[in-house]
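*Asks:* Numbering (the working numbering), first residue to last: 3 to 229.
1. Please report the straight-line C-alpha distance between residue 226 and residue 187, rounded to a whole angstrom.
2. With burial defined as no fewer than 16 other Cβ atoms inside 10 Å of the residue's Cβ, what is the status of residue 152: buried or exposed?
3. Quick check on DSSP: helix, strand or coil for residue 69?
4. Nearest CA to the CA of residue 221: which residue from 147, 140 and 159?
5. Can you tell me the Cα-Cα spacing of residue 36 and residue 85, whole angstroms?
6. Spell out the partners DSSP gives residue 2 in its beta bridges.
7. Please name the residue or residues paired with residue 228 in a DSSP beta bridge.
8. Can you look up residue 195 in the DSSP assignment and give me helix, strand or coil?
9. On a Cα-Cα basis, can you pick out the residue from 173, 145, 61 and 121 that is closest to residue 199?
10. For residue 216, collect the residues of the same chain with a Cβ closer than 6 Å to its Cβ; drop the 5 residues on either side in sequence, then sort them by chain order.
11. Can you find the residues in the same chain that come closer than 6 Å, C-beta to C-beta, to residue 89, ignoring five residues on each side of it along the sequence?
12. Rounded to a whole number of angstroms, what is the C-alpha to C-alpha distance between residue 219 and residue 47?
13. Helix, strand or coil, according to DSSP, for residue 154 in the structure here?
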């Protein structure tokens, strides 16, 4: 009888230990995830491509930058349709982006938005800054990332999501999993799609400029993100 009681006590204690172990480490993971803010905007917003930065990292994996990241392209206007007739829709449930022009589809593409613990914010936004290339860095521990020369970046904002949060749409060279969630909150695009959007959206770039901020005279394109 005492032998059985001792065995039962051991089983109970083992179960309690397992529960505590799982809770402590799961909570540690939750704290680590919660502590990770969206990308910190780089102080270098010149838009210049850094030819010396050819290696990045994503969640512990080395990322070699592909050649197309370093391509030099001429500024170009892809449409003469007025700004008011252009807007971009991001459907989170379908992981799809649609660019609309005068009520018709300009382009469509699969995208990768934020993982469940780093969700992409929903709402109506505008593009406040476009940069040809920039460093994106953030995360902590195993979730750390350092991605130089992220191409064709369109930063977005609204009244609830300030500029400092660093959300945007941009080209992607560190994965090809479009159609599934993957990011820390930004909208990841295939690089060639990002390039088209970059030159199609407002604010419009002046010749030879790699960075442009929105203004009253050159306001940003509307971006609508929804489920």
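C-beta atoms are modelled at their ideal positions from N, C-alpha and C, and glycine is treated no differently. Just so we're clear, the structure is a prediction, and the values are computed from it rather than from any experiment.
*Replies:* Put simply:
1. 15 Å
2. When all chains shown are included, residue 152 counts as buried.
3. In the structure shown, residue 69 falls within a helical segment according to DSSP collapsed to helix, strand and coil.
4. 159
5. A caution first: residue 36 carries a pLDDT of 43, below 50, which makes its placement in the model unreliable, though a value can still be read off. Answer to the nearest angstrom: the Cα atoms are 37 Å apart.
6. The question about residue 2 has no answer, for the chain in this structure spans 3 to 229.
7. 93
8. helix
9. 173
10. 130, 205 and 222
11. 102 and 224
12. Rounded to the nearest angstrom, the gap between the Cα atoms of residue 219 and residue 47 is 21 Å.
13. strand
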